[in-house]
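Those sequence lines, one after another, are chains A and B.
Under the working numbering, think of the first position of the first sequence as 1, with each following residue one higher.
Under the working numbering, think of the first position of the second sequence as 1, with each following residue one higher.
Note that beta-carbon positions come from the ideal geometry of N, C-alpha and C, so glycine has one too.
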Amino acid sequence: MMKRFWQDNSTPMLCTKLGVTVVAMFSFAIFIMPPLYDLFCDITGLNGKTGDAYVLEESSSINDLGVDTSRKIKVQFIASNNENMPWEFRPTIKTIEVHPGEVAVINYFAHNPTQRDMVAQAVPSLVPFKAANYFHKTECFCFNQQPLAAGESAELGLSFIVDLEVPKQVNTITLSYTIFDITNQQQAKTVDEKPSSVVLATVN
Amino acid sequence: MAHGPAKGFTRWLYTTNHKDIGSMYLWFSFAMFLLGGVFALVIRAELFEPGLQIVEPGFFNQMTTMHGLVMVFGAVMPAFVGLANWMIPMMVGAPDMALPRMNNWSFWILPFAFAMMVSTLFMEGGGPNFGWTFYAPLSTTYAPPSVTFFIFAVHIMGASSIMGSINIIATILNMRAPGMTLMKMPLFVWTWLITAYLLIAVMPVLAGVVTMMLMDIHFGTSFFDAAGGGDPVLFQHVFWFFGHPEVYIMILPAFGIVSAIIPTFARKPLFGYSSMVYATASIAFLSFIVWAHHMFTVGMPIAGELFFMYATMLIAVPTGVKVFNWVTTMFRGSMTFETPMLFSIAFVILFTIGGFSGLMLAIAPADFQYHDTYFVVAHFHYVLVPGAIFSITAGVYYWLPKWCGNMYNETMGKLQFWLAFIGLNLTFFPMHFVGLAGMQRRVPDYNQFFADFNMLSSMGAFLFGAAQILLLYNVISTIMGGKKATDEVWENPEGLEWTVASPAPYHTFSTPPEVK
């Protein structure tokens with residue numbers, strides 16, 4: 001009775017289009033926005049995330065030009081514990097002065113004072129954001145999860161190079177690590193994974 | 001065709017009639033308005049004096065959260081959908097909404113959504129306590145266990161809004177009477193058409209963000225968890241990508257209502273009709289590119305701060321066009337000041353004040369001072385209470401005689417207006433000062449030197465609450481009886497809704513009207 005009332009446009013067609021828009025916007029929020037945000041942060045250095053492990057290549061500008069001894073960059077290290085993370089966690093030195101292009105190696109110290117084995121993940125953040133893409137880590141404990149048995153301590157290594165191209169106005173870089181307790185997530189994962197490995201075994 | 005409503009309770013359960021569903025939406029939203037108001041009064045009672053006296057801080061947080069959620073999703077949005085249901089078919093000369101059964105469904109899932117959300121207050125660990133903006137990780141890692149119910153309640157509300165908007169768009173685009181071209185539509189229809197498109201675009205994003213929360217909480221993903229490689233700031237971007245258009249969803253239909261009322265009582269046609277349409281569309285477009293002004297302090301590059309600052313200030317241009325048109329419509333008109341007009345004039349004045357404090361907040365460097373203070377609370381209450389609540393009240397008084405065939409009590413209406421007007425300003429104006437002086441939002445206690453202003457605010461809040469009881473009484477007594485209204489109700493009002501009898505028959509425009 002109500003179908004095709006006075007105007008000629010078809011209501012089902014219109015509703016289908018609107019429904020598709022709804023599904024598209026939902027997918028946009030879940031599947032496109034997060035990667036887009038990560039990409040945006042990668043390019044701009046926003047949110048201070050430093051990149052993955054940096055590989056020194058023969059042709060890279062660092063090897064070609066060597067070390068720029070005319071500039072000194074002060075690098076400061078900060079450590080903080082996420083809420084309820086009981087580990088002792090600190091850099092062994094607070095600041096270091098490096099020349100752009102020079103490889104620097106420092107250590108963080110971590111100690112698990114609890115009675116249980118734990119796994120931690122350190123998440124870096126760097127200011128100023130402008131410098132994030134010029135701070136290369138050739139080796140970092142933050143690339144891996146850090147398991148420490150009850151009462152155990154460890155020296156966690158970090159080596160980095162400040163790029164020769166680092167913007168002129170950058171004289172100080174502050175690198176902060178926040179350490180998160182991910183023991184529970186790890187346990188949940190191993191529990192999840194066990195049944196599948198059992199299935200695999202029987203198939204074999 | 002000409003049959004009346006069914007008898008008994010099943011009439012309301014099974015109805016597909018746009019007037020029945022409109023009434024249910026309006027009653028539901030009024031119930032939610034009172035509930036959200038009670039939550040607000042708990043907050044104001046606690047803040048009456050410095051120190052902790054009435055509620056626990058944890059419960060205070062649940063109150064601020066639930067007040068915001070209930071008012072936004074339970075009171076303002078359903079009230080506008082209710083007005084749309086009642087008025088849009090009558091304004092465009094259609095017999096009903098385009099999809100009457102879906103209309104029934106989109107209403108009836110709402111009470112369940114809110115029952116579920118409000119029930120969390122009685123669960124172990126309490127209800128949502130993370131603010132209506134539910135920033136992660138407060139709403140994920142540190143949330144009470146009841147957060148899952150909150151998430152599903154938001155999903156249901158979103159589904160309801162989306163179905164409502166599809167229905168409204170289909171009605172407006174496909175069911176207009178012959179001769180009713182787009183540029184002849186009343187502005188309430190125009191603003192709702194644009195609002196419905198905003199809803200279609202951003203409600204799925206809200207559903208997306210709560211779905212990501214759900215996955216972070218229960219399925220081990222790390223969208224917002226830094227330990228797993230996610231980023232809590234992402235939450236704020238996605239949320240405000242929904243949230244900023246959402247605040248315009250709550251104000252654009254209000255523009256439509258006052259654009260209908262002011263010409264009637266100024267006895268002049270609306271000034272600048274087409275510029276009103278274009279201004280509404282521009283505001284809707286700009287709403288998508290200003291979201292980060294809610295998060296200036298989160299750490300953005302200068303270029304970002306500048307972009308969002310200028311884009312935000314740009315919104316003042318189309319909004320200024322609207323305010324100019326309303327004022328010019330009134331200029332040299334033969335104005336009378338019946339209750340709907342009083343609410344509409346107060347809307348224009350107070351909404352403009354809220355707009356100015358919005359401009360202050362848009363200045364990125366200044367926002368670092370204002371962020372998360374009562375200045376922000378004052379700002380958005382000045383745009384939402386006189387904006388959404390006053391315009392809805394104005395619309396109810398304006399169309400109530402058409403709905404039930406009786407005139408409301410004008411004296412009581414004016415009394416309600418003045419109580420609400422004084423109560424509102426007494427509540428929210430002092431918040432500007434305490435905010436600028438540094439009083440933070442969402443904290444149950446405060447420094448003693450804010451005491452006097454807070455006491456004023458609390459007294460104003462109770463006055464404002466009392467005024468709403470008067471509205472309830474006035475509406476009920478008008479439905480029960482009173483002076484009969486004429487078909488035109490007002491003096492020469494514009495629009496097809498005034499050409500049908502008062503009260504509007506159960507079925508209107510079964511044959512299309514002629515639109516010249």
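Taking a C-beta distance under 8 Å as the contact criterion, A:Ala-150 and A:Asn-112 qualify as a contact pair. With fewer than 16 other beta carbons inside 10 angstroms of its own, B:Pro-145 counts as exposed.
Interface residue (Cβ-Cβ distance to chain B less than 8 Å): A:Cys-142 is not classified as such.
The C-alpha of A:Cys-41 is placed about 12 Å away from the C-alpha of B:Gly-230.
DSSP, reduced to helix, strand and coil, places A:Ala-79 within a strand of the structure shown. Judged by DSSP secondary structure, B:Gly-465 falls within the alpha helix (DSSP H) whose first and last residues are 451-480. Apart from the 5 residues on each side of it in sequence, B:Met-97 sits with its Cβ closer than 7 Å to the Cβ of His-18, Asn-85, Pro-89, Asn-103, Asn-167 and Thr-171 in its chain, given in chain order. Under DSSP, the beta-bridge partners assigned to A:Asp-181 are A:Ala-120.
For B:Asn-167, the uninterrupted alpha helix (DSSP H) run begins and ends at 147-174, by DSSP. Contacts between A:Ala-29 and chain B, judged by CB atoms closer than 7 Å, involve Pro-204, Val-205, Gly-208, Val-209 and Val-238 in chain order. When the beta-carbon positions are compared, B:Leu-350 and B:Pro-386 come within less than 8 Å of each other. Sequence-distant partners of B:Ser-222 (beyond 5 residues in either direction) whose C-beta falls short of 8 Å from its own C-beta, in its chain, are Asp-216, Gly-228, Gly-229 and Gly-230. For the pair B:Met-87 and B:Trp-399, the CB atoms are nearer than the 8 Å cut-off. For the segment 142-175 of chain B, the beta-carbon criterion of a distance under 7 Å to any beta-carbon of chain A is satisfied by Ile-162, Ile-166, Ile-169, Ala-170, Leu-173, Asn-174 and Met-175. Your pair B:Ser-29 and B:Ala-94 does not check out as a contact, with CB atoms roughly 23 Å apart and the cut at 8 Å. In the three-state scheme derived from DSSP, where H, G and I count as helix and E and B as strand, B:Ala-177 is classed as coil. Listed in chain order, the non-local C-beta contacts of B:Gly-179 below 8 Å within the same chain comprise Glu-514, Val-515 and Lys-516, local neighbours out to five positions each way being set aside. Considering only beta carbons, the part of the segment 288-313 of chain B lying closer than 7 Å to chain A consists of Pro-301, in chain order. Within the segment 104-122 of chain B, no residue has a Cβ lying closer than 8 Å to any Cβ of chain A. The segment 129-138 of chain B makes no contact with the segment 174-190 of chain B, as fewer than three CB pairs between them are under 8 Å. At a cut-off of 8 Å between beta carbons, B:Gly-387 makes no contact with chain A. Assignment of beta-bridge partners to A:Glu-97 by DSSP yields A:Lys-74. Legend: CB atoms of the segment 11-23 of chain B lying less than 7 Å from CB atoms of chain A are not found in any residue. Interface with chain A (8 Å Cβ-Cβ cutoff): B:Leu-234 is included. Following the DSSP letters along the chain, one finds A:Val-23 inside the alpha helix (DSSP H) bounded by residues 11-27. Taking all protein chains in view, the Cβ of B:Asn-406 is crowded by 16 or more other Cβ atoms within 10 Å, so the residue is classified as buried.
Taken through DSSP and simplified to helix, strand or coil, A:Tyr-108 comes out as strand.
At a C-beta separation below 9 Å, A:Pro-34 has these neighbours in chain B: Met-212, Phe-223, Gly-230, Asp-231, Leu-234 and Val-238. For A:Ser-70, the closest alpha carbon among the candidates A:Ser-125, A:His-99 and A:Pro-91 is that of A:His-99.
Nearest neighbour of B:Val-247 by Cα position, chosen from B:Leu-214, B:Gly-465, B:Val-238 and B:Ala-284, turns out to be B:Ala-284. Near chain B, meaning a CB-to-CB distance below 7 Å, the residues of the segment 101-132 of chain A are Gln-121, Val-123 and Phe-129. Not a single CB atom of chain A sits nearer than 8 Å to the CB of B:Ile-249. Around the CB of B:Leu-252, 16 or more other CB atoms lie within 10 Å, so the residue is classed as buried.
Approximately 35 Å separates the beta-carbon atoms of B:Thr-511 and B:Glu-410; this is outside 8 Å, ruling out the contact. In this chain, A:Cys-142 is not harboured by any alpha helix (DSSP H), its DSSP state being neither H nor E. According to the DSSP assignment, B:Glu-305 belongs to the alpha helix (DSSP H) that extends over 302-314.
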